[in-house]
Amino acid sequence: MTEAKNGDKVSLHYKGTLDDGSVFDSSEGRDPLEFTVGAGQVIVGLDREIPGMKVGDEKTIRIEAADAYGPHNPDAKQVVPRAQIPDSIPLEAGLQLQAQTPNGPISVTVVEFSDEEVVLDANHPLAGKALTFEIQITGIN
48 MTEAKNGDKV SLHYKGTLDD GSVFDSSEGR DPLEFTVGAG QVIVGLDREI
98 PGMKVGDEKT IRIEAADAYG PHNPDAKQVV PRAQIPDSIP LEAGLQLQAQ
148 TPNGPISVTV VEFSDEEVVL DANHPLAGKA LTFEIQITGI N
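Per the working numbering, the very first residue in the sequence shown carries number 48; after that it's consecutive.
As structure tokens, this is what we get:
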């Protein structure tokens, strides 16, 4: 049976959980995730675990923050005047928005807000967190 290697297109089912056991993502009820091994299309820690696996293989892996979405960067928070957010956007904590920067658009999350200011966080929501994945290889091409 063929083992996955860098450059192969693989498909897999997965369930991702945090240390508290909560599920942050899963392919349950969806098509398997497809990507090219070693091409940087998934987080480094997951990509590194695929070579050597065969169709049908299952594995549980824990990926530390450094090999997932990186550490949480406190400098990625910014306070902006409320007037810079269109009134048509109903603000609430946890709301994800797109912000325009000189380098292009980025995703930000509303952390807190008042009538005068909005605190936005540009960290990935999973930054600073270790991730555990249960994976099963369903295809290798």
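Even for Gly, the Cβ is constructed at its ideal location relative to N, Cα and C.
All values reported here derive from a predicted model rather than from experimental measurement.
Taking contact to mean at least 3 C-beta pairs separated by less than 8 Å, is the segment 163 to 176 in contact with the segment 120 to 131? Yes, they touch.
Do the CB positions of P172 and T156 come within less than 9 Å of each other? Counting from one through the sequence shown, the residue named residue 172 turns up at place 125. Counting from one through the sequence shown, the residue named residue 156 turns up at place 109. Yes, Cβ-Cβ distance for P172 and T156 is below 9 Å.
Taking all protein chains shown into account, do 16 or more other C-beta atoms lie within 10 angstroms of the C-beta of G92, making it buried, or fewer, making it exposed? The sequence position of residue 92 within the sequence shown is 45, counting from 1. Looking at its Cβ environment, which holds 16 or more other Cβ atoms inside 10 Å, G92 is buried.
How is R77 classed by DSSP in three states: helix, strand or coil? Here residue 77 refers to the residue found at position 30 when the sequence shown is read from its first residue. If DSSP states are grouped into helix, strand and coil, R77 belongs with coil.
So, at 7 Å on beta carbons, what are the nonlocal neighbours of N188 in its own chain, with the 5 sequence-adjacent residues on each side left out? Here the question's residue 188 lines up with position 141 in the sequence shown. The answer, listed in chain order, is D55 and K56.
Do K62 and D72 have their beta-carbon atoms positioned less than 9 Å apart in this structure? Locating residue 72 in the sequence shown gives position 25, where the first residue counts as 1. Locating residue 62 in the sequence shown gives position 15, where the first residue counts as 1. Yes.
Compare the C-alpha of K101 against each of A177, L138, R95 and A51 and name the closest. Your numbering for residue 101 matches position 54 in the sequence shown. That would be A51, whose Cα lies nearest to the Cα of K101.
Run of the beta strand (DSSP E) containing E105, from where it starts to where it stops: Numbered from 1 along the sequence shown, position 58 holds the residue referred to as residue 105. Note, E105: beta strand (DSSP E), E105 to I110.
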